[in-house]
Amino acid sequence: MAKVLYSATMSLDGFIAGPGGDMSWLTEFIGEPNPTADGIVERIGSILVGRRTWGGDDPNKGTDQEGAFGGAWHGPQFVLTHEPPPVAEPDTVFLTDLTEAVAAAKQAAGNKYVNILGADVARQALEAGLLDEILVFVAPVLLGDGTRLFTHPGGTKIKLDRLAEDAFWYEVVR
């Protein structure tokens, strides 16, 4: 059965996107050797993404590295949105309900991961008890502002168990 993974590259000060959703800061870190990052794409069976992330800034737009995971990802993607477009794109399903979106993405993933892209969808999945693991790559840069890896106004303590010694890879404790 598929597990749900939130993976992201984060600045050292905790941002996964810069102000206004800017992702251009990531371009200088794409392609750097990282055994964990290099092997993750083949372990993903589907992607669950929020509408802002799906339609947002791609630092590789217009290049052969455009798309998720520097263009290495090809497969089913599920977009969680309040307003699905009238016409879908190939390999893309638009859904309005988180639980249904996770279930559909898990079915498509088979025995691989459903990888969440987007902080808001990850937060919703975590709060709903649907997120299994978190994998964070830390880039040596300070952004100062933008979209945080995880935000919950008023604060929330989520216990995590470390899954790998050589990476920031954690299991969500329930």
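Quick note: the sequence shown, position 169, residue 179 per our numbering, numbers continuous. No residue lacks a Cβ here, since even glycine has one placed at the ideal position from N, Cα and C.
Residue burial classification, residue i (beta-carbon count within 10 angstroms, cutoff 16)
i           : result
residue 15  : buried
residue 170 : exposed
residue 116 : buried
residue 173 : exposed
residue 164 : exposed
residue 187 : Missing from the structure shown is residue 187; the chain here goes from 11 to 184 and no further.
residue 152 : exposed
Reference residue i; option with closest CA among the options
i           : options             : result
residue 21  : 167, 165 and 155    : 155
residue 33  : 19, 143 and 147     : 19
residue 86  : 118, 47 and 158     : 118
residue 158 : 26, 12 and 13       : 26
residue 184 : 147, 138 and 146    : 138
residue 7   : 62, 83, 114 and 113 : Within the shown structure, residues of the chain are numbered from 11 to 184, placing residue 7 beyond reach of any answer.
residue 146 : 13, 24 and 12       : 24
residue 181 : 42, 153 and 142     : 142
residue 43  : 94, 149 and 95      : 149
residue 11  : 152, 114 and 151    : 114
residue 188 : 84, 64, 109 and 95  : No information on residue 188 is available, as it lies outside the stretch 11 to 184 that the chain covers here.
residue 13  : 135, 166 and 168    : 135
Contacting residues, own chain, Cβ-Cβ under 7 Å from residue i (five flanking each side not counted)
i           : result
residue 111 : 58, 88, 90 and 105
residue 60  : 90, 128, 130 and 131
Close beta carbons around residue i, own chain, < 6 Å, minus the five adjacent residues each side
i           : result
residue 29  : 155 and 156
residue 178 : 146
residue 144 : 16 and 180
Sequence-distant residues of its chain with Cβ nearer than 8 Å to residue i (five each side left out)
i           : result
residue 133 : 160, 161 and 162
residue 176 : 45 and 46
residue 95  : 104
Chain B contact for residue i (CB, 7 Å cutoff)
i          : result
residue 30 : Here chain B cannot be found, since the structure has a single protein chain.
Query raised in the report: With a cut-off of 8 Å, do at least 3 Cβ pairs link the segment 117-131 to the segment 94-102?
Result: no
Query raised in the report: Between the segment 28-38 and the segment 104-116, are three or more C-beta pairs nearer than 8 Å?
Result: no
Query raised in the report: Any chance the segment 45-61 sits against the segment 115-123, with 3 or more Cβ pairs inside 8 Å?
Result: yes
Report task. Mind listing, in chain order, the continuous alpha helix (DSSP H) runs of no fewer than 4 residues lying wholly within the segment 36-65? Result -> 45-50 and 61-64
Query raised in the report: If you scan the segment 133-178 from start to end, which runs of the beta strand (DSSP E) of 3 or more residues do you find wholly inside it?
Result: 143-149 and 170-172
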